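Q: Pasting a structure here, questions to come.
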Amino acid sequence: MTASAAELAEAYFTAWQERDFTRLRALLADDVSFAGPLATIEGADECVAGLEGMAKVLDKIEVKERLADGPSVITWFDLHTTVDEPAPTANWMRAEDGLITEIRVAFDPRGILAARG
């Protein structure tokens, strides 16, 4: 049975927070696209590499709300990092055929960028 978009979103955030990048990769379509304030990426392996990089400063993901409408899901969460105050974050993703095909993220990256030096 194919997972719903909401189930995929929950699995994505759980895998990322647990740093289970093999599981996270399995949730992504090979040609997934990602766009956010820190990167624009094409392809699942590149997307996972970006999330692995972000995981180096990830403390926790505190989901506030998740709204699903068919193949689209918006997750509103506080992104807690080891380098800055929590960043309110919106993540929109689209799923097709049981895989995540698009991810768009919006948050204020200034604290994370300042920590990078």
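For the sequence shown, the tail end lands on 117 under the UniProt record's numbering, and the numbers increase by one without skipping.
Every residue gets a Cβ at the ideal spot worked out from N, C-alpha and C, and that includes glycine.
Note that the coordinates shown come from a computational prediction; the quantities given were computed from them, not determined experimentally.
1) Whole angstroms is fine: what's the gap from Ala26's alpha carbon to Glu10's?
2) Name the residue from Leu113, Arg104 and Arg110 whose alpha carbon lies nearest to the alpha carbon of Ala35.
3) Throw me the rounded Cβ distance for the Ile100 and Leu8 pair, which I believe falls under 8 Å.
4) Give the single residue among Arg94, Thr22 and Val83 whose Cα lies nearest to the Cα of Met54.
5) Skipping 5 residues on each side, what residues in its chain have a beta carbon closer than 8 Å to that of Val63?
6) From the DSSP output, in three-state form, read off Val48 for me.
7) Within its chain, find whatever has a CB closer than 8 Å to the CB of Val48; leave out the 5 residues flanking it on each side and keep chain order.
8) Report the start-end ranges of each beta strand (DSSP E) in the UniProt domain "SnoaL-like" (9-103) that is 3 residues or longer and not cut off at the edges.
9) Could you pull the DSSP bridge partners for Ala106 from this structure?
10) Could you pull out every residue in the same chain whose Cβ sits closer than 6 Å to the Cβ of Ala68, ignoring the five residues on either side in sequence?
11) For Lys56 and Thr2, I'd like the C-alpha separation in whole angstroms.
12) Exposed or buried, Thr40, counting other C-beta atoms within 10 Å across all chains shown (16 or more means buried)?
A: Per the coordinate set shown:
1) 14 Å
2) Arg104
3) 6 Å
4) Closest option to Met54, judged by alpha-carbon separation, among Arg94, Thr22 and Val83: Val83.
5) Listed in chain order, the non-local C-beta contacts of Val63 below 8 Å within the same chain comprise Phe13, Thr75, Trp76 and Phe77, local neighbours out to five positions each way being set aside.
6) helix
7) Phe21, Leu24, Arg25 and Leu28, listed in sequence order.
8) 28-35, 40-42, 58-69, 72-81 and 87-96
9) Ala90
10) Ala5 and Ala6
11) Using only the alpha carbons, I get a separation of about 31 Å.
12) exposed
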